[in-house]
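This report refers to the structure that appears directly beneath it.
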Amino acid sequence: MKIAVVQKKYYNLEYDKNVEIGVQSVKEAKNLGADIVLFPECFITGYSLPITMEQSILDNSEYIKTFCKLAKELNIGIVITSFTKGNEKPQNSAFVIDRDGNIIMKYVKVHTCDFADEKCLESGKEFKVCEFDGVKIGIMICYDREYPESARMLMLKGAEIILVPNNCQGMKPRVNALQTRAYENMVGVVMANPPGKNAGLSCAYSPIAWDKDGYSNNMEIFLADELSEKIYIADYNIDELREYRSSEMMGNTFRKVDAYEGLLSKEIKEPFIRK
Numbered sequence: 254m255k256i257a258v259v260q261k262k263y264y265n266l267e268y269d270k271n272v273e274i275g276v277q278s279v280k281e282a283k284n285l286g287a288d289i290v291l292f293p294e295c296f297i298t299g300y301s302l303p304i305t306m307e308q309s310i311l312d313n314s315e316y317i318k319t320f321c322k323l324a325k326e327l328n329i330g331i332v333i334t335s336f337t338k339g340n341e342k343p344q345n346s347a348f349v350i351d352r353d354g355n356i357i358m359k360y361v362k363v364h365t366c367d368f369a370d371e372k373c374l375e376s377g378k379e380f381k382v383c384e385f386d387g388v389k390i391g392i393m394i395c396y397d398r399e400y401p402e403s404a405r406m407l408m409l410k411g412a413e414i415i416l417v418p419n420n421c422q423g424m425k426p427r428v429n430a431l432q433t434r435a436y437e438n439m440v441g442v443v444m445a446n447p448p449g450k451n452a453g454l455s456c457a458y459s460p461i462a463w464d465k466d467g468y469s470n471n472m473e474i475f476l477a478d479e480l481s482e483k484i485y486i487a488d489y490n491i492d493e494l495r496e497y498r499s500s501e502m503m504g505n506t507f508r509k510v511d512a513y514e515g516l517l518s519k520e521i522k523e524p525f526i527r528k
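Just so we're aligned, residue 254 is where the sequence shown starts under my numbering, counting upward by one.
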């Protein structure tokens, strides 16, 4: 499976311009032989906060339909992102579109950044996995990846590859964490981030940490620089990935879940209490 990762600039509240950039990126990805295209966080609307319900788009808006039609026309998958209208507040959403132009999954960001302007958003309630070209794909958006539970839940739901739309700075430690998510869950992890100073660093990691002789592998498929505007390709051999996952000891193999009861506690103690 070849995943095209879009590291390109897009613009706050310039929907038509962003869709134009997105359409050209999908066409470029198709020429590169991609099976599916991953965009950064909130690509259609731009990551503009705070945002209102009026500024958010409908799930069946013409902007989304443009990418559905393009997916069918080019026979390619697309993961497109936007602020969308929720029940009471805007949502930070990602849509997985299949080769026939059908939306096969909408994921709403669970871990909204409630310490900042994302407190104006409506949080998602669950992590989701769908099947694309026979491969089980999970989505987590930006701040979701700060919590190991996000990737863990996707792994438990069967994800083989996790796609991460992102819009964030200070990426070096976050990139390191994504490699760890790939290692500990035995899943491929692919992240798309817009370019910029202290930003960029779109990346992809293989979960295959050791070869058949027990020697360490380089898990990095690619790591972009901060400023380049381009499309990167993450190429996964699904048969090798599945063989590795069927024999190694991470993921959901030998976990001692009876010791994890505290993970479901809602109590927050110092030093983690925030006003």
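For glycine and all other residues, C-beta sits at the position ideal for the given N, C-alpha and C.
Remember, predicted model here, so these are calculated numbers, not experimental data.
Asked, Found
"Contacting residues, own chain, Cβ-Cβ under 7 Å from residue 469 (five flanking each side not counted)", "462 and 463"
"Through-space distance from residue 430 to residue 530, alpha-carbon basis", "Outside the modelled stretch of the chain, which goes from 254 to 528, sits residue 530, for which no answer is possible."
"Closest by C-alpha distance to residue 269, when choosing among 296, 398 and 364", "296"
"Closest by C-alpha distance to residue 266, when choosing among 306, 283 and 257", "306"
"Three CB pairs or more closer than 8 Å across the segment 397-411 and the segment 330-342", "no"
"Residue range of the alpha helix (DSSP H) that includes residue 270", "268-284"
"Segment contact, 8 Å Cβ cut-off, at least three pairs: the segment 274-292 with the segment 501-512", "no"
"Uninterrupted alpha helix (DSSP H) stretches inside the segment 314-344 (no shorter than 4 residues)", "315-327"
"Exposed unless 16 or more other CB atoms sit within 10 angstroms - verdict on residue 518", "exposed"
"Nonlocal neighbours in the same chain, by C-beta distance under 6 Å from residue 374, ignoring five residues either side", "342, 343, 345 and 365"
"Span separating the alpha-carbon of residue 483 from that of residue 260", "6 Å"
"CB of residue 420 within 7 Å of CB of residue 263, strictly", "no"
"CB of residue 487 within 7 Å of CB of residue 454, strictly", "no"
"Candidates 465, 474, 452 and 450: closest to residue 441 by CA position", "474"
"Alpha-carbon to alpha-carbon, residue 495 and residue 504", "12 Å"
"Secondary structure, beta strand (DSSP E): runs of 3+ residues fully inside the segment 458-500", "473-476 and 483-488"
"Proximity of residue 334 and residue 324 at Cβ, strictly below 7 Å", "no"
"First through last residue of the alpha helix (DSSP H) which encompasses residue 524", "Looking at the DSSP string, residue 524 is not in any alpha helix (DSSP H), and its letter there is neither H nor E."
"Secondary structure of residue 347, DSSP reduced to three states", "strand"
"Option nearest residue 444 by Cα separation, candidates 285, 290 and 286", "290"
"Limits of the alpha helix (DSSP H) - the one that residue 437 falls within", "425-438"
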